[in-house]
Each structure stands twice: as structure tokens, then as C-alpha cells.
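Taken in order, the sequence shown gives residues 183 to 493; the numbers are from this note's numbering. Note that the Cβ used here is the ideal one computed from N, Cα and C, for glycine as well. Heads up: the structure comes next, in C-alpha cells.
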Amino acid sequence: MFSEQCIQVLRPPLLSRLFFLHILQQTNASFEIVSEQDLLEYQKLIPWQAMTLLIGSVGVVINLLLLTVFCGFSTFWSRYKLFICLAVGDLFNCLGIALLGLNRRYLFKEVTERGYAIPQVGFHAAFSSALITEAKTDMDRLRQKISGLCALFGKVAGTKRNVVIELESQRAWVEYSTSPGELNPISDATLAGLTPISCAMKAYVWIRLIGTLWPPAIQLAIGADRAASILKPFWHRRYIDNKDWQLGVTTFLFVMVSLFAGLLIVLMNSDRTVIFYCGRKATFSNGFGYYVYFAEVSFLYFAINMKRLHV
């Protein structure tokens, strides 16, 4: 049990935060320390993430309007199939950008303003069950549950630290304090970091990947179609003309192959640690990130040059 001195120091708000930490330790949570300098940087990024959310949302609305126009008239539906695919691909892109801004704004805002955060929905079953059960108990049982934490943390006073904790695809932050010179229970412990699998469980990662790869592939197909109609008109009429859906499906298959390759990379590197806000390179690998950038830029480059032949 706690000593009387320790019980007096551990007031309810901090006690509850230490309890969150204890529960997460028991459910194989992963930890990453966020320094004060990083917290300041994240605070500066919050308005930019809000802007990302706004721009992505505007793009979603515009693409939905385009799809309504394209699909609402039979003439457009029959003549502009690749443009419909392009609008769908750009819809994925804008939706991924909006979800990225929403996710990171939530992450940065919670960790900088409150010191800890618990998702409102979608708890992991074990974490949710433990938290709900303990929330219904009185303070005496709560103290018994975290018995021994006072000895681990030392007397709670002085320096504050913020710790980002991730339980599978969900997040929680705990703010704790230790007196100067006491044991740092996080940095001195052997704890696993966040893994690519944790990041791959976030929907926006895959939505952004589709939105990044598919529109350039469709633009390349449109450019190749235009170039073939000029350079090889008879061959184009025989093999490509009026086959826009086939071209669209081919580009989508390319995207699916890329997604499958990304999934394999995630599974093969499941023991690698990544930064908590899950960028593309962190989720997959540096090599896969370069592949995505190269595919996007090269497809757009060739598409632009092929379209110049039509002009």
C-alpha cells in the first residue's frame, strides 16, 4: 500500500493519470516520450493541420459535385469514363488529406493542451473493459489497483513529462511528474515502440495511398490514349477506342498491387518502431515512400508530355 505521505501527494487528477498508465502497461501498450521542444513544435502545427482538414474537405465537396454531374447525365457517363475515374481518385486523395489533418490535429491538440487524451469511441476491448470496471470503483480500490506505483515513480513533484501511449490503433496520453533525480519509469524501462502495424490500422493511411497513386495513373492513361490516337490512329481505333473502362480498371489494378506490396512491407517489418503520428515512410518504409513519390511525379511528367502531342 502507499505510504501516508505518498497518498497525500497523489491527488485524484494525477492519481487517475497514473492509473491510466498502469492499465496500459498491463495491456501491452507502447510508449514514446515527447520532449518539451517537440510539444512546442506540435503546438505550432495545430493551425496547419486545421488548414489541411479544411482544404481536404473543400476538395471532397468539389469532387462529389463533379461526380454528381458526370453520373447524372448519360452523355457524360458514356464519353468521360476516365474522367469519372479521375474524380473518384481525387476524391480519395482529398478525403485522405482531410482525415490526415483531422487525425493529426486531434493528436497534437490533445497532447499539448491536456497532457493526456482518451479516444471517445473505438476503445480496444481489453482497455475499455478495464477502464469502465475501474471507473465504477471507489478510491480505496483504485489505490489498491495501482499499489506500488508510488515506489516506482518516487514522490510526485517537480518536473512534468508528457508521454504518448498507443494501444494498437488507439491513443492515450499520460502526464506524470517525478522529483529531480528520481527514476524515470519510462526511459529506463524496456518498452516496445509503436509499430507499422499500429499505423496500418489507420484508415487515412490507405485512403491517402490510393489518392496519391490512382489520379496520376489515370492521367497517364488519358495522355497515352490521346498520344496513341495521334501517332497510331488505326491501331488506336482497333484496340483502344471506346475502352475507357478497361483502361480505368488497369490503373486501379496497379494501385491494388501497390497496396498489396505496402501491406507486405508492413507485415515483414512489424517489429520496427515508428513515430506516433504515422507518416507514409514510417508506416511502410523509406524505400516505399520514394517509390510512391517517383510513381506520382513520373506519371504526371509523362502524362503532361503526351497531352502536348494532342495540342
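Only counting the same chain, and skipping five residues up and downstream in sequence, which positions put a Cβ closer than 8 Å to that of residue i?
i, result
"valine 456", "Gly375, Leu376, Thr377, Pro378, Ser380, Cys381, Ala464, Thr465"
"valine 474", "Leu391, Thr394, Leu395, Ser440, Arg462"
"serine 452", "Thr377, Pro378, Ile379"
"tryptophan 259", "Phe252, Cys253, Ile266"
"serine 256", "none"
"alanine 385", "Leu281"
"tryptophan 427", "Lys263"
"leucine 449", "Ile379"
Which partner residues does residue i have in the DSSP bridge list?
i, result
"valine 448", "Looking at the DSSP assignment, valine 448 forms no beta bridge with any residue, so it has no partner."
Leaving out five residues before and five after residue i in sequence, what residues of the same chain have Cβ atoms less than 7 Å from its Cβ?
i, result
"isoleucine 447", "Phe466, Ser467, Phe470"
"leucine 235", "Ala280, Gly283, Leu284, Arg287"
"arginine 454", "Thr377, Pro378"
"leucine 402", "Phe481, Phe484, Ala485"
"alanine 269", "Asn245, Leu248, Leu249, Phe252"
"phenylalanine 442", "none"
What distance in whole Å lies between the Cβ atoms of residue j and residue i, which are believed to be in contact at a cut-off of 8 Å?
i, j, result
"glycine 444", "leucine 391", "7 Å"
"isoleucine 389", "phenylalanine 252", "Not really, about 21 Å apart at Cβ, beyond 8 Å."
"isoleucine 486", "threonine 433", "At roughly 17 Å, the Cβ-Cβ gap does not stay under 8 Å, so isoleucine 486 and threonine 433 are not in contact."
"leucine 277", "valine 240", "12 Å between Cβ atoms; not a contact."
Answer with buried or exposed for residue i, where buried requires no fewer than 16 other C-beta atoms within 10 angstroms of its C-beta.
i, result
"tryptophan 396", "buried"
"leucine 247", "exposed"
"aspartate 407", "buried"
"glycine 430", "buried"
"tyrosine 224", "buried"
"methionine 438", "exposed"
"leucine 289", "buried"
"methionine 488", "buried"
"aspartate 423", "exposed"
"phenylalanine 476", "exposed"
Do residue j and residue i have their beta-carbon atoms positioned less than 8 Å apart in this structure?
i, j, result
"arginine 478", "proline 415", "Rather than arginine, the amino acid found at residue 478 in this sequence is glutamate. No, Cβ-Cβ distance for glutamate 478 and proline 415 is not below 8 Å."
"cysteine 267", "valine 387", "no"
"glutamate 237", "lysine 291", "At residue 237 the sequence reads isoleucine, which differs from the glutamate that was named. Against a cut-off of 8 Å, the Cβ pair of lysine 291 and isoleucine 237 comes out as no contact."
"tryptophan 417", "alanine 409", "no"
"isoleucine 404", "leucine 249", "no"
Leaving aside the five residues before and after residue i along the sequence, list all residues of the same chain whose C-beta is less than 6 Å from its C-beta, in chain order.
i, result
"alanine 232", "Arg287"
"aspartate 272", "Asn245, Pro397"
"leucine 222", "none"
"phenylalanine 436", "Ala399"
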